[in-house]
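J.: Just remember that my numbering sits 3 ahead of the position in the sequence shown, which is counted from 1.
All C-beta atoms, glycine included, are put in the ideal place defined by N, C-alpha and C.
Quick caveat, the model's predicted, so the values are computed rather than measured.
I have a structure I would like to understand better, so I am pasting it below and will then ask my questions one at a time.
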Amino acid sequence: MKTVYDFQVKMPNGKAKSLKEYEGRPLIIVNTASKCGFTPQFKGLQTLYDTYKEQGLEILGFPCSQFNNQEFAQIEKTTEFCQVNYGVNFPIFAKVDVNGPFSDPLFKFLKEQKTGLLSPRIKWNFTKFLVNRNGQVIKRYAPTVDPSSIEADLEKLFS
């Protein structure tokens, strides 16, 4: 059975990184944007990361400009913005497409595993996917779901 650990993603410097490095750890995978009304969710995601990283949680952020071009053109500006404004120290990867013909393979997989309410398409920035320690996608959260609302589901993965 295929899992998220079977994928490679690109780091901000363009180098490939295998998600096998996160094997055995619960993940929150999220498409992000620096200039979006939901951008303050970075703070909530960072709070979850700070609270649960010692228990193995990893949060993987993937900048995306597909929704009203709400991401910086240069990835360096994105990572700096996240660190300076929200104290983000979880991994931020290279910019990706999450829909359409150039959709990143990881996001194609995530959408196949957990479709949205009416469609598999990701409708906006800050769609969040919760992945268990076995690399299986167990839940998808709409952009409007505050990261603190994920905490109860996340705690189940640690018990």
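1. Can you list the beta strand (DSSP E) stretches of 3 or more residues lying completely in the stretch 45-131, in chain order?
2. Reducing DSSP to helix, strand and coil, say where K159 ends up.
3. To the nearest angstrom, report how far apart L160 and R136 are at their CA atoms.
4. Just tell me which of I31, F84, L120 and N16 has its CA closest to the CA of G138.
5. Note down, in chain order, each residue of its chain lying with its Cβ closer than 6 Å to the Cβ of Q44, except the 5 sequence neighbours on either side.
6. Can you look up S21 in the DSSP assignment and give me helix, strand or coil?
7. Exposed or buried, which one is A155 when buried takes at least 16 other CB atoms within 10 Å?
8. Going by Cα to Cα distance, which pick from Q69, R143, G64 and N71 is closest to T81?
9. Is there contact here, the stretch 91-102 with the stretch 60-76, by at least three beta-carbon pairs under 8 Å?
10. Sort L121, T35, G27 and V87 by Cα distance to F110 and report the nearest one.
11. On the criterion of 16 or more Cβ atoms from any shown chain inside 10 Å, does Q73 qualify as buried, or is it exposed?
12. Which of the three DSSP states, helix, strand or coil, is assigned to V7?
13. Starting from the C-beta of F70, find all residues in its chain whose C-beta is less than 6 Å away, skip the five residues before and the five after it, and write them out in chain order.
T.: So, from the data block:
1. 61-66
2. helix
3. 8 Å
4. I31
5. F129 and P150
6. strand
7. exposed
8. G64
9. yes
10. T35
11. buried
12. helix
13. W127 and N128
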